[in-house]
Amino acid sequence: MAEETITLAEPPLPPVHDWPVGQLDGTEFEPVLAELMKEGPLTRIRLSHGEEEWAWLATRYDDVKMITNDPRFSRREASVRQFTRLAPHFAPRPGALAWADQPDHNRLRRAASTAYTVSAVKRLRSRSQEILDELVDAMMQDGPPADLVERVLEPFPISVVCEIMGVPADEQQKVHTWTREIISIAGGAEASERAKKNLFGWIAQAIRDRQDGDGDDVLSLLSGAVKSGELKEEEAVSVAGPLQIGGEALTNNSGQMFYLLLTRPDLMQRMRNDPAVRPAAIEELLRYIPHRAAVGLPRVALEDVMIQGIRIRAGEPVYVSYLAANRDPDVFPDPDRIDIDRDAGAHVAFGNGAHYCTGAVLCRMQIEMLFDTLLARCPDLRLAVPADEVPFRQRTMIRGPLSLPIAW
Ligand code: HEM
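Numbered as in my numbering, the sequence shown ends at 398 without a single skipped number.
What follows is the structure, encoded as structure tokens:
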């Protein structure tokens, strides 16, 4: 009898959903993302910009971890195409960490990595505490009310980043202004490009100026790597740029954290009365906070890959949502609830795999210092306006309060 061939039909492709960037207030989880998570583990999305019609979106924790740790999904391939995306303008620089695959990615990342290790960050602690104390002193001296973002959450990480990078004090304001223009999508592509050009031009010059030094700041380390031939100058500049811009992410993330603390008296009480709970609470808040709008950078499948019974074909772009993975009920039961007693340590707020956030150790230290210092210095820390009057950044990639009026 002739053998029967059974061909299992592949499921039809899911529909393509438009994902417009709507008004996002407070720490609200993006409704479009919540709907996509309900539809299935893999959906197809179309964002506001780019020429390609659609991309895959993975939202389940296990799939997100698999995709971000699998060399069959390439960042480099994604960098040469105008895929559907949130950002209006797209021109990745050669040598950018975020767009490199192995082995290039390792080579690029290695040059500056010693500045971001646990021990290097520890060495920065006392200088960081001085910076923070000065800012809090000045705020307290002027008296309430004060804008916590303007007085502390914005200048603190930028000063610490400048410290680790080796940006001289009298140039920090200029570098900060460019950073803000680059990450805002409100000013349009032109303003953002101009700021990028200025910042990257400044960095290139700083790297050249340090050629004969032996400092352990990031600009000196990168300069050394150029001198030894490990990196080309344009690669060193591409590595430095995002490290300089990254500090802004902490302003917005810690802004969301303090907003949550200031609007949830129980949470404030626990954090205040029980300092031992703070490290676990910070991990839970990192898990919970909707750090960004929509999704970050895609990857492209280099070959056909089956995920959850769906075939992702070679050449197709794939986004993962770390925000969605952090709300996967199979990993974090009752995920929409903030529960500082849960073990949230497996969250992926800083990403996963080779592209895991370079600044994670630095961020954790600064968040801890912010909580310890502000809770100790401001015994009655509270919002100075009703919660619904706190303005949040709109039309932006990284979410957070524009200002956080406080009294104490
Ligand atoms: C990458 C989160 C702060 C530097 C990333 C990624 C995430 C992330 C999700 C992407 C992972 C991927 O591409 O798959 C965060 C959060 C922050 C924060 C939640 C604040 C709480 C910072 C800071 C710096 C920084 C302060 C710089 C000092 C970077 C760099 C990358 C990155 C350079 C690219 C790494 C690579 O592609 O190899 N971050 N970040 N981040 N982050 Fe952060």
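Note that CB positions come from ideal geometry on N, CA and C, so glycine has one too.
Small disclaimer: the values here were computed from a predicted structure and weren't measured.
Residue i and residue j closer than 9 Å at C-beta
| i | j | result |
| --- | --- | --- |
| Val338 | Leu47 | no |
| Ile443 | Asp204 | What is shown of the chain runs -9 to 398, which leaves residue 443 out entirely. |
| Glu171 | Ala194 | no |
| Asp394 | Ser64 | The sequence given here places Leu at residue 394; Asp does not occur at that position. Taking 9 Å as the Cβ cut-off, Leu394 and Ser64 do not qualify as a contacting pair. |
| Pro307 | Leu87 | no |
| Leu252 | Leu98 | no |
| Ile328 | Leu373 | no |
| Asp15 | Phe382 | yes |
| Arg71 | Val290 | yes |
| Pro280 | Glu20 | yes |
| Gln119 | Leu240 | no |
| Thr74 | Arg36 | yes |
| Ala128 | Arg141 | yes |
| Ile396 | Pro135 | yes |
| Glu43 | Val6 | yes |
| Leu32 | Val285 | no |
| Ala236 | Ala196 | A quick correction: the sequence has Gly, not Ala, at residue 236. No, the pair does not count as a contact, with Cβ atoms beyond the cut-off. |
| Glu220 | Ala105 | no |
| Pro391 | Val139 | yes |
| Ala68 | Leu287 | yes |
| Glu274 | Arg317 | no |
C-alpha distance - residue i paired with residue j, whole-angstrom precision
| i | j | result |
| --- | --- | --- |
| Gln162 | Arg303 | 46 Å |
| Glu225 | Asp320 | 41 Å |
| Pro61 | Gly299 | 20 Å |
| His79 | Ile57 | 25 Å |
| Val351 | Val111 | 7 Å |
| Thr348 | Gly85 | 16 Å |
| Ala181 | Thr386 | 14 Å |
| Ile297 | Ser103 | 33 Å |
| Leu211 | Asn96 | 15 Å |
| Met130 | Trp398 | 9 Å |
| Met359 | Lys222 | 37 Å |
| Ser38 | Leu3 | 21 Å |
| Ala(-8) | Leu276 | Low local confidence applies: a pLDDT of 45 at Ala(-8) is under 50, so the model's placement there is unreliable, and no value is given. |
| Ser218 | Arg83 | 22 Å |
| Glu18 | Arg66 | 33 Å |
| Lys55 | Ser213 | 34 Å |
| Phe190 | Gly335 | 35 Å |
In DSSP terms, what residue i is bridged to
| i | result |
| --- | --- |
| Thr407 | Outside the displayed span of the chain (-9 to 398) sits residue 407, for which this structure offers no information. |
| Tyr309 | Leu47 |
| Pro391 | Phe382 |
| His7 | Ile35 |
| Leu373 | Ile396 |
| Ala136 | Ile396 |
| Arg289 | Val308 |
| Val267 | DSSP lists no partner for Val267. |
| Ile297 | Ile300 |
Would you mind listing the alpha helix (DSSP H) stretches within the segment 37 to 102 that are 4+ residues and don't spill past its ends, in chain order?
-> 51 to 57 and 65 to 69
Below 8 Å, can you find three or more Cβ-Cβ pairs linking the segment 113 to 133 to the segment 259 to 278?
-> no
Could you name each continuous alpha helix (DSSP H) segment of 4 residues or more that falls completely within the segment 225 to 284, going from the start of the chain to the end?
-> 237 to 253, 255 to 263 and 268 to 278
For the segment 305 to 361, list the beta strand (DSSP E) runs that are entirely contained and at least 3 residues long, ordered along the chain.
-> Unbroken beta strand (DSSP E) stretches of 3 residues or longer found wholly inside the segment 305 to 361: 307 to 310, given in chain order.
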